[in-house]
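In full-length UniProt numbering, the protein residues as written are 1 to 311.
I have placed the structure first, in the form of C-alpha cells, so that the comments after it can refer back to it.
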Amino acid sequence: MNYLKLIPQYGLFVFLFPTKAFTFLKHIDTAIHGTVRHTKTLYSTHLQRHVTLDLILPADYAQSTHSYKVLYMNDGQDLERLHMQAVIENTAPFITPFILVAIHCGERIQEYGIASRPDYKQRGAKAGSYTKFVLEELMPYIQHHYRVLTGPQNTVFCGFSLSGLSAFDIVWHHPELFGKAGVFSGSFWWRQKAYENHYDDHTDRIMHQLVRNTPIRLTSAPDEVNQPLRADARPAPTFWLQTGSEDETDDRNGNGVIDAIEDTLDLIAELERKGYRWGRDIRYVEVKGGHHDQTTWSAIMPEFLKWAFGK
1 MNYLKLIPQY GLFVFLFPTK AFTFLKHIDT AIHGTVRHTK TLYSTHLQRH VTLDLILPAD
61 YAQSTHSYKV LYMNDGQDLE RLHMQAVIEN TAPFITPFIL VAIHCGERIQ EYGIASRPDY
121 KQRGAKAGSY TKFVLEELMP YIQHHYRVLT GPQNTVFCGF SLSGLSAFDI VWHHPELFGK
181 AGVFSGSFWW RQKAYENHYD DHTDRIMHQL VRNTPIRLTS APDEVNQPLR ADARPAPTFW
241 LQTGSEDETD DRNGNGVIDA IEDTLDLIAE LERKGYRWGR DIRYVEVKGG HHDQTTWSAI
301 MPEFLKWAFG K
C-alpha cells in the first residue's frame with residue numbers, strides 16, 4: 001500500500017509507492033478493444049522535419065459528438081514501452097475520457113530542454129523551435145482535426161526525463177494554454193555551468209532560476225474550477241512531479257539525497273515561494289525502488305492520469 005515519508009531537510013511529506021505496487025503491470029491485458037489508436041505525420045516548418053504522432057482516442061469517439069480534454073505527451077515513440085493504451089483502458093473507470101497526443105521525438109538532446117536557452121554544453125539548442133512547433137503547428141492541427149476542448153482547464157502536457165523538463169518549461173511559460181503538467185523523473189539538473197566550473201545549485205540550475213525570476217505570485221483563492229490564480233488573475237498551472245528512489249546514484253553534495261530527488265524538491269521549494277501550495281497546486285510522488293525507465297513510469301502512470309483527469 002502507499003504511505004507517506006517525512007523528508008526532514010525539507011520539512012515535508014511525500015507519497016511513496018513501493019516497488020511491489022508495480023506487479024499489476026504483469027497482468028495488464030494488452031489486447032485492447034476499447035480505445036482507438038491513430039498514427040499521423042505532420043510536417044513542421046519550425047523543426048524542418050516530419051513529426052510522427054500517435055493518438056489514442058476514447059472508445060466512443062466515432063459514435064459521439066462530444067469534445068474531449070487532451071493530453072500532449074513528449075517522447076511519444078515510447079507508447080508501447082509505456083503500455084499506454086492498456087494503462088488508459090485499465091484506468092478508464094476512474095477518469096474522464098480524454099484524447100492522448102503522443103509526439104515522437106526527433107533530435108532529442110537538442111529539441112528537448114528549455115526554450116529560452118541551452119545548457120552549458122549547448123544542448124537543447126532547438127528547444128525554442130520545438131516549443132513553437134507545439135504552440136503554432138501541433139495544437140492548431142489537433143484542434144482543427146479532432147474534437148478537443150481548449151483552454152488551460154482542458155489541456156495537459158507531460159514528459160519523461162529530458163522531455164519532462166520540456167513539458168514543465170512549456171506549461172510554466174504558457175499558462176493561458178495549459179492547466180496541468182506531469183513530469184516523470186524530470187531532468188531538473190539542467191544547468192548553465194559544469195560542476196567543475198564553480199557550479200552553484202542556487203544560481204546555475206536553469207529551470208529553478210527561471211521559476212525564481214518569473215514575476216508572478218499566486219493568490220490564495222482558486223477560481224470556479226479550483227484552479228489557483230496568479231496575482232494578475234490569470235490561471236496558474238498545477239504540477240504533478242515524480243521521482244524514483246533508484247533514478248540514479250549521483251549525490252553531488254553528499255547529503256544522502258540523490259540529485260534527481262533533490263533537484264525536484266528544490267524546484268518545488270521555488271514554486272512554494274511563488275505561492276504554490278503543497279497538495280493543492282503541487283503533487284509529488286516518490287516511487288520507492290523506482291528506476292529511470294519506462295517500466296517505472298508506466299507503473300505510476302495511473303496515479304498521474306487520475307490526478308489529471310480524475311472524476
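C-beta: ideal position from N, C-alpha, C; glycine also.
For the pair residue 268 and residue 282, the CB atoms are nearer than the 7 Å cut-off.
With fewer than 16 other Cβ atoms inside 10 Å of its own Cβ, residue 194 counts as exposed.
In the displayed model, residue 164 falls within a helix according to three-state DSSP. For the 7 Å CB-CB criterion, residue 119 and residue 190 form a contact.
Contact check between the region 75-83 and the region 91-110: three or more CB pairs, one atom from each, fall below 8 Å, which counts as touching.
A straight line joining the alpha-carbon of residue 163 with that of residue 99 spans about 19 Å. Taking C-beta separations shorter than 6 Å and ignoring five residues to either side along the sequence, the partners of residue 161 in its chain run 185 and 187, following chain order.
Look at the beta carbons and you see the region 118-132 not touching the region 146-160: under three pairs across the two are nearer than 8 Å.
Its chain contains 191 as the residues whose beta carbon lies nearer than 6 Å to that of residue 205, once the 5 sequence neighbours on both sides are disregarded; these appear in chain order. Between residue 246 and residue 291, the CB-CB gap stays under 7 Å. Annotation: the continuous beta strand (DSSP E) that includes residue 43 extends over 36-44. Contact between residue 237 and residue 304 does not hold, since their C-beta atoms are separated by about 15 Å, which reaches or exceeds 8 Å. Note that the region 90-98 touches the region 56-71; at least 3 beta-carbon pairs, one per stretch, sit closer than 8 Å. Counted as a single uninterrupted DSSP element, the beta strand (DSSP E) harbouring residue 242 occupies residues 238-246. By the beta-carbon neighbour count (other beta carbons within 10 angstroms, threshold 16), residue 214 is exposed. Of 168, 197 and 180, the smallest CA-CA separation from residue 308 is found for 180.
Boundaries of the alpha helix (DSSP H) around residue 108: 108-111. Ranked by Cα distance from residue 134, the first of 122, 217, 109 and 169 is 169. In terms of Cβ geometry, residue 211 and residue 244 do not form a close pair [threshold 7 Å].
For residue 240, the CB contacts under 6 Å within the same chain, skipping 5 residues up- and downstream, are 182, 283, 304 and 307 in chain order. Beta-bridge pairing by DSSP links residue 57 to 36. In this structure, residue 302 lies near residue 91, with their beta-carbon atoms less than 7 Å apart.
Classified as exposed, residue 253 has fewer than 16 neighbouring CB atoms from the shown chains inside 10 Å of its CB.
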